[in-house]
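Each remark here refers to the structure printed beneath this line.
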Amino acid sequence: MTNRKKIIVGNWKMHLNVQESSLLVHRLAERIRTHRDVEVVLAPSMLSLQPLSTQIDRRKFKLAAQNAYFQDEGAFTGEVSFAMLQDLVHYAIIGHSERRVIFNESLDLVRDKVAAALRNDISPILCIGETKHEHDQGESRQVLHDQIATGLSNVTAEDLDMVVLVYEPQWTITTFNGRPAKPHEAKAAMDFIRQQVSDLYGHAAGENIRVLYGGSVNHETARAYLELEGCDGVLVGGASLNYVAFSTIVDKAYQLQRGDEGESRV
Ligand code: PGA
């Protein structure tokens, strides 16, 4: 048994205006209890971070940015820096496959964003995973290896504690018409990811790092991932916009942490 705290991340993507975001948080707050052993992280749009940072109970929810730019300031029209987000968020999602694929984010840019987040005391939720084409070509391990080696190349052993990794391959994401990874597929990839971290930073680091799964997770499928040995949580896209579904997923994580066998209360 390890003491890695489970994390459930809700990635709201480009959905919900400020008012709608506030309403969703309100509804979630009514259903979700404060869980010492489960972190609940919400990633609303950039615009909603400021108002939500004053609305949330920080014992219950933490906020994550979905993206930011790696320079702290400067002439970068349209960008927001990690430095500007420092007081608002605990986490930042970096390297999501929508950013890698739709916005052509390179391995080097992702590496620089990870470093910028850490420099500004924000924990990177670093997403890694292969495209459908790479998956079909049998290149998954090579892609994961490269994304981890580059993404973490400026991360010291000391800072690694702040990093969360997500196996979130493009072929499993609803946006890309994906199908959920079968639990054994997710487990094999997550084990490989942990092994890569061990190879780079030593066995203890590999044991301590939190590794999540993301891709078409909903309240019916979450448990099968959450109970996998070595899976420390899930990153939820579409289903995180539904307060009943998302709070059910959080509840399942809590039950598993407590060792309950019973069904969810919701
Ligand atoms: P999805 O998104 O749950 O809607 O497939 C997953 C993700 O953003 O990683």
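To convert, take the position in the sequence shown, counting from 1, and add 1163; that gives my numbering. Cβ atoms here follow ideal geometry from the backbone N, Cα and C, with glycine treated the same way.
- Counting of Cβ neighbours within 10 angstroms places R1342 among the exposed residues, the total staying below 16.
- A residue is called buried once 16 or more other Cβ atoms fall within 10 Å of its Cβ, and T1319, having fewer, is exposed.
- In the displayed model, R1190 falls within a helix according to three-state DSSP.
- From the listed residues R1190, V1181 and V1203, the smallest Cα separation to Y1417 is found for V1203.
- Contact between Y1406 and L1187 holds, since their C-beta atoms are separated by about 6 Å, short of 8 Å.
- Under DSSP, the beta-bridge partners assigned to S1244 are Y1232.
- Per DSSP, the unbroken alpha helix (DSSP H) holding A1416 starts and ends at Y1406 to R1421.
- With a 10 Å radius around the Cβ and a threshold of 16 neighbouring Cβ atoms, M1353 comes out buried.
- For R1167, there is no enclosing alpha helix (DSSP H), since its DSSP letter is neither H nor E.
- Selection P1214, N1340, M1325 and H1366 evaluated against I1288 yields M1325 as nearest (Cα-Cα).
- In the three-state DSSP reduction, L1270 falls in the helix class (H, G or I).
- Not one heavy atom of the ligand PGA sits closer than 7 Å to the Cβ of N1340.
- Per DSSP, reduced to three states, the secondary structure at S1286 is strand.
- Under the Cβ criterion (8 Å, minimum of three pairs), the region 1229-1248 does not count as touching the region 1288-1306.
- If the five residues before and after V1306 are omitted, its C-beta is found closer than 7 Å to the C-beta atoms of E1293 and E1297, all from its own chain and listed in chain order.
- Not one heavy atom of the ligand PGA falls within 7 Å of the beta-carbon of I1372.
- Taking a contact to require three or more Cβ pairs closer than 8 Å, the region 1353-1362 and the region 1398-1413 do not qualify as touching.
- Straight-line spacing of the CA atoms in T1217 and K1276 works out to 26 Å.
- For L1363, the three-state secondary structure derived from DSSP is helix.
- The closest CA to that of R1199, considering only V1252, R1263, I1170 and I1219, is found on I1170.
- Contact annotation, K1168 with V1201: C-beta distance approximately 7 Å; criterion of less than 8 Å satisfied.
- In this structure, the straight-line span from the alpha carbon of R1357 to that of E1348 is close to 14 Å.
- V1252 is a Cβ neighbour of L1226, given a cutoff of 8 Å.
- Annotation for Y1388: P1346, A1349, Y1376, V1380, C1394 and V1397 place their beta carbon closer than 8 Å to its own, counting only its chain and skipping 5 residues before and after.
- For the beta strand (DSSP E) assignment, the uninterrupted runs of no fewer than 3 residues enclosed by the region 1289-1358 are, from N- to C-terminal side, 1327-1330.
- Shortest Cα-Cα distance from L1281 to any of S1269, L1270 and F1233 involves F1233.
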